[in-house]
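Residues 19 to 310 in this note's numbering are what the sequence shown lists, from first letter to last. Here a beta-carbon is modelled for each residue, glycine too, at the ideal position from N, C-alpha and C. Quick notes on the structure that follows.
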Amino acid sequence: MTEQTRDQLADEARGSYQAGEFRAAWNAARVALDAHPHDPALLRLAGRAAMELGLDDAVDYFQRAVALDPNDPDGWRELGDALAYEGRLSEAGQALHRAVRLRPEDTAALVSLGHSSLAAGHRERAITYLSRALEHDPENLTALRGLVAAYHSEGRLAEALDAATRVATVSPSDVLAALDVAELSLELGRKDAAAAFGRLRTVDDDPEHEVFAYHGMIEAELRRDSWRRALDIAVDATRVDRHGRTTDILALIVARVFGEAGREAPSREHVEETLARSRAEHRRLHAEALVV
C-alpha cells in the first residue's frame, strides 16, 4: 500500500467517523493499519470507532497507540475512557491520571477521572477532579451532574443542591436537573420545595407527567403538615390524574382535614410510600429517555 493510499484510507476513516458511520470508519482504519500498524493516529481512530460499536478490541488499539506515543494526553484519556467502559476502574484511573499529568487543564480527562473515581467509590477524589474541571469549564454539564451525585452520596445535600441548581441554570429544559433541585430541596426541608416541584409543570411538557409535579408539591406540604394546602393541590392533581394515582392520597388528606366520617382512610405511611414511588417513576421515565 502506498503512502497516498494509506492517507486516502485514513481520510475516509475520519470522514466516516465524523458522519457517524462507525463500522465504515473501523473497517477503513483497519485496512490502513494492515500496512501501517505503528500509526498512533490510526490506532486511536480505530479505537474510537470500536468503542462506538461496542467491540472488545477498543482498549487494545488505545494501548498500542500510547505505547507508540506515550506523551499524547488524548491517547491516555481515550484509553482511560475505554477501560472505564469495560469496568476496569483502577486501570482507567491510572490512564486518566497520566493524561492529566501531561495536560493539567484537560477538562475532558478531569471529568472522566471524576466519574471513574465516583464509580470506584472514591467520592472525595471525584469531587476534587470534577471541581477542577469546572474551574476550566464552569458550565460543563457532565462535571456538574457528577458533582450532584458525588455530593449527594456524601450526604452534603446543600452542596448537591447548589450543583443541581447550576445544572438547571445552564440547561433550563433539563427535567432531571429540575427534579434534582426539587428532591434535594425536599430532603433539606426547604420552604420552597413545593414551588420547586411546581416548576416541573413548565419544564416537563408531557401532559401525562403533570401529575408527578402535583404529587411532589403534595409531599412537600405534607412534610410541613400543611394539610389544607395539600388538599387544594390534591384536588388539582385529580383533574390531570388519568390513572387514579391520587385517590388514596386525597382520601388521607380529606380525612385529616375533615375527619374520617366512619370510613377508614389510608395510612400516612402508605401515602408517603405512594408519593415516593411517584417521584421514582418520574425520574425513571426521564432517565430512560436520556439513555435512549
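What's the gap between the Cα of Gln81 and the Cα of Arg66? Counting only the Cα atoms, Arg66 lies some 12 Å from Gln81.
For Arg208 and Glu123, the rounded distance between their alpha carbons: If you draw a straight line from the Cα of Glu123 to the Cα of Arg208, it comes to about 37 Å.
Is Arg247 closer than 8 Å to Tyr237 when the C-beta atoms are compared? The residue you asked about is not Tyr; residue 237 is Glu in the sequence shown. In this structure, Arg247 does not lie closer than 8 Å to Glu237 by Cβ.
For Leu101, report the span of its alpha helix (DSSP H) as first-last. For Leu101, the uninterrupted alpha helix (DSSP H) run begins and ends at Pro91 to Tyr103, by DSSP.
Between the C-alpha atoms of Val310 and Ala28, what's the straight-line distance to the nearest angstrom? Residue confidence is low: Val310 scores 41 on pLDDT, short of 50, so the model does not pin down where it sits. No coordinate-derived value is stated.
Between which two residues does the alpha helix (DSSP H) holding Ser149 run? Segment Arg141 to His154, the alpha helix (DSSP H) holding Ser149.
Hey, is Val84's beta-carbon within less than 8 Å of any beta-carbon in chain B? The chain labelled as chain B is not found in the depicted structure, where only one protein chain is given.
Please report the straight-line C-alpha distance between Trp44 and Asp99, rounded to a whole angstrom. 18 Å
Run through DSSP, which three-state label would Asp180 get? Under the three-state reduction of DSSP, Asp180 is assigned to helix.
Using CA atoms only, rank isn't needed, just tell me which of Gly277, Ile251, Ala126 and Asn89 is closest to Ala231. Ile251
Going straight from the alpha carbon of Leu152 to that of Leu162, what length do you get? 8 Å
Enclosing alpha helix (DSSP H) for His170 [first to last residue]: Leu159 to Ser171
Local conformation of Gly234 per DSSP, three classes: helix
Give the straight-line distance between the Cα atoms of Arg174 and Pro225, rounded to the nearest whole angstrom. The straight-line gap from Cα to Cα measures roughly 34 Å.
Give the DSSP-derived three-state secondary structure of Thr265 in the structure shown. Thr265 sits in a helix when the DSSP states are folded into three classes.
Closest by C-alpha distance to Tyr79, when choosing among Pro91, Leu268, Ala102 and Pro55: Pro55
Tell me the start and end of each unbroken alpha helix (DSSP H) in the segment 200-264 that is at least 4 residues and wholly inside, in chain order. 211-221, 228-241 and 245-258
Under the three-state DSSP convention, the category Val310 falls into: Because Val310 carries a pLDDT of 41, less than 50, the predicted location of this residue cannot be relied on, and the following value inherits that uncertainty. DSSP, reduced to helix, strand and coil, places Val310 outside both helices and strands of the structure shown, so it counts as coil.
Measuring only the C-alpha atoms, how far is Leu303 from Asp259? 17 Å
Applying the 10 Å Cβ sphere with the 16-neighbour rule, what's the burial state of Thr264? buried
Cα separation between Arg297 and Ala50? 52 Å
My assumption, with CB atoms under 8 Å, is that Asp266 sits in contact with His288. Please give the rounded CB distance. For a cut-off of 8 Å, the C-beta gap from Asp266 to His288 is around 7 Å, short enough to register as a contact.
With 16 other Cβ atoms within 10 Å as the buried cut-off, status of Arg116: buried
Helix, strand or coil at Leu73 according to DSSP, with G and I counted as helix: Look at Leu73 here: in three-state DSSP terms it is coil, with no helix or strand label.
Assigned exposure category for Leu206 - 16 Cβ within 10 Å defines buried: exposed
Assuming the contact rule is C-beta atoms closer than 8 Å, Ser203 and Ala214 should be a hit. Round their C-beta distance to whole Å, please. 5 Å
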